[in-house]
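Trainee: Mind having a look at this structure? Questions to follow.
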Amino acid sequence: MNRKRVLSGVQPTGAIHLGNWIGAIRNWVELQKSHETYVCVVDLHAITIPHDPKLLAKNTLSTAALYVACGMNPKECSIFIQSHISAHSELCWLLNCITPINWLERMIQFKEKAIKQGENVSVGLLDYPVLMAADILLYDADLVPVGEDQKQHLELARDIAQQRINSRFSLDNREILKVPKPLIMKDSAKVMSLTEGTSKMSKSDPNENSRITLLDPPDVVTKKIKRAKTDSYLGLEFNNPERPEADNLLNIYAILSGSGREVVAKECSSMGWGKFKPLLTDAIIASIEPIQTRYKELIADQGEVQRILDQGKEQAQEVADVTLKRVKTAIGLLGNAKANY
Ligand code: TYM
């Protein structure tokens with residue numbers, strides 16, 4: 113039987129942090145064992161806001177290396193760079209022409225990012241979710257493992273596939289594009305900032321102490337956890353709306369220590385921050401250390417990463433070209449007998 117397909121990606125906009133890892137990449141590592149898995153570094157998304165060209169290529173390679181270091185196995189999945197497969201941009205254009213502009217104007221992330229850009233909002237920023245829909249729909253993905261913040265974008269991808277392509281252009285009720293489902297894990301879907309427990313941990317937060325990146329050395333992790341915002345209640349607990357920081361840090365600890373929420377709730381119920389923070393620090397350092405070791409090996413031999421990306425590109429291209437051709441035919445673009453897709 114054909115295995116179900118998974119597609120996901122991370123933007124190479126800065127070092128991958130605990131939120132990206134816990135909310136998305138750790139789940140990919142599990143899914144690749146049972147699903148046909150495609151993961152890309154979404155470099156075209158990274159240029160929707162002003163970027164430094166010198167850093168983009170470096171961050172793209174480093175993000176790909178981190179995928180592998182986190183446990184994505186090129187023998188079990190395809191790892192590739194979004195811009196290496198031109199079908200992403202091409203499908204994006206086709207979808208642009210059938211997506212109502214007001215669907216995009218109401219996207220929460222667009223509104224948030226547009227405010228930060230002031231006068232300098234690009235068409236690409238508005239179009240970001242359509243490109244993301246193209247990423248997903250090109251691979252006939254059944255499941256898209258992401259954090260909570262991507263839920264609205266996933267709903268848009270589903271609406272584009274179902275309402276704008278399948279129901280308009282299918283002549284025999286067969287799906288032209290598969291309608292994907294989001295996979296959002298309950299406890300890991302939203303890792304919050306270390307400096308403000310009601311804000312999401314984010315690569316774009318100007319305060320570096322708000323996040324721990326997978327490449328932070330132990331002394332930096334220790335310093336950031338020491339500075340993490342706390343409160344003055346006695347004991348530690350989950351689910352108290354007055355204590356978002358306690359909930360977040362306990363949750364990170366429950367996930368990374370492998371103990372789970374119930375055990376951690378009991379273990380920490382009468383603990384103070386002074387005792388808890390070193391435990392959390394140790395759990396974080398122990399979980400990211402093996403990733404850092406593997407990352408350093410990979411980055412020292414970039415040929416290996418390039419080989420992985422070449423192979424991933426070939427595998428991705430095969431699937432993407434078939435879908436693109438299907439959509440082009442369905443919407444009435446004249447085929448070219450010589451085209452090799
Ligand atoms: P990016 O790079 O912003 O985030 C990558 C992944 O990390 C998740 N994430 C989080 N999860 C939990 N807690 C957090 N604080 C946190 N911050 C980020 C995101 O939900 C995401 O899963 N638009 C996507 C990139 C993308 C994509 C795609 C994803 C482009 N095309 C196709 C899936 C499928 C994004 O948010 O990237």
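Here our numbering is used: the first residue of the sequence shown is 113, the next is one more, and so on. We treat Cβ as the ideally placed atom computed from N, Cα and C, and that holds for glycine.
By Cβ distance below 6 Å, which residues in the same chain neighbour His-106 in space, the five residues on each side in sequence not counted?
Mentor: What is shown of the chain runs 113 to 453, which leaves residue 106 out entirely.
Trainee: Give the secondary structure of Val-122 by DSSP, where H, G and I count as helix, E and B as strand, and everything else as coil.
Mentor: strand
Trainee: Can you grab the Cα-Cα spacing for the pair Lys-338 / Pro-124, in whole Å?
Mentor: 28 Å
Trainee: How about Ala-432: is its Cβ closer than 7 Å to a heavy atom in the ligand TYM?
Mentor: no
Trainee: Look at the alpha carbon of Ser-314 and the alpha carbon of Leu-283, and state the distance between them as a whole number of angstroms.
Mentor: 44 Å
Trainee: In chain order, what residues of the same chain lie with their CB nearer than 7 Å to the CB of Asn-452, ignoring the 5 residues before and after it?
Mentor: Low confidence applies to Asn-452: its pLDDT is 45, below 50, so where it sits in the model is not reliable enough to give any reading.
Trainee: CA-CA distance, Glu-416 and Leu-410?
Mentor: Approximately 7 Å between the Cα atoms of the pair.
Trainee: Can you find the residues in the same chain that come closer than 7 Å, C-beta to C-beta, to Leu-368, ignoring five residues on each side of it along the sequence?
Mentor: Ala-395, Ile-396 and Ser-399
Trainee: So, using beta-carbon positions, are Ile-161 and Lys-225 closer together than 8 Å?
Mentor: yes
Trainee: Check this for me: beta carbons of Ala-269 and His-200, under 8 Å apart or not?
Mentor: no
Trainee: If you count every other CB in all the chains shown that lies within 10 Å of the CB of Arg-323, and 16 or more means buried, which is it?
Mentor: buried
Trainee: Pull up the distance between the alpha-carbon of Thr-175 and that of Ala-358, whole angstroms please.
Mentor: Spanning the two alpha carbons is a distance of roughly 30 Å.
Trainee: So Val-153 and Gln-194 are in contact, right, with Cβ under 8 Å, and what is the actual spacing, rounded?
Mentor: 6 Å
Trainee: Taking the alpha-carbon of Lys-166 as reference, which of Gln-144, Gly-126 and Glu-354 has the nearest alpha-carbon?
Mentor: Gly-126
Trainee: Tell me the DSSP bridge mates of Pro-68?
Mentor: With the chain covering 113 to 453 only, the question about residue 68 has no answer from this structure.
Trainee: Can you name the residues that DSSP bridges to His-129?
Mentor: Thr-325
Trainee: Three Cβ pairs or more, each shorter than 8 Å: is that satisfied between the segment 416-427 and the segment 339-353?
Mentor: They do not touch, by the three-pair rule.
Trainee: Could you check whether the segment 180-193 touches the segment 252-264, counting it as contact only if at least three pairs of C-beta atoms, one from each stretch, sit closer than 8 Å?
Mentor: no
Trainee: Any idea if Trp-205 is buried or exposed, counting beta-carbon neighbours within 10 angstroms, 16 or more meaning buried?
Mentor: For Trp-205, the number of other beta carbons within 10 angstroms of its own is below 16, and it is reported as exposed.
Trainee: How many angstroms separate the CA atom of His-129 from the CA atom of Leu-445?
Mentor: 42 Å
Trainee: Check whether the Cβ of Met-219 lies closer than 7 Å to any heavy atom of the ligand TYM, and answer yes or no.
Mentor: The ligand TYM never approaches Met-219 closely enough for any of its heavy atoms to be under 7 Å from the residue's Cβ.
Trainee: Would Gln-221 and Asp-261 be called neighbours here (beta carbons separated by less than 8 Å)?
Mentor: Yes.
Trainee: Out of Ile-210, Ser-198 and Pro-241, point me to the one whose CA is closest to Glu-217's CA.
Mentor: Pro-241
Trainee: Val-258 and Ser-120 - do their beta-carbons sit closer together than 8 Å?
Mentor: yes
Trainee: When you compare the CB positions of Leu-392 and Ile-364, do they come within less than 8 Å of one another, or not?
Mentor: Annotated as proximal: Leu-392 and Ile-364, with beta-carbon spacing under 8 Å.
Trainee: Could you give the residue range of the alpha helix (DSSP H) that holds Glu-148?
Mentor: That residue, Glu-148, is in no alpha helix (DSSP H); its beta strand (DSSP E) goes 148-153.
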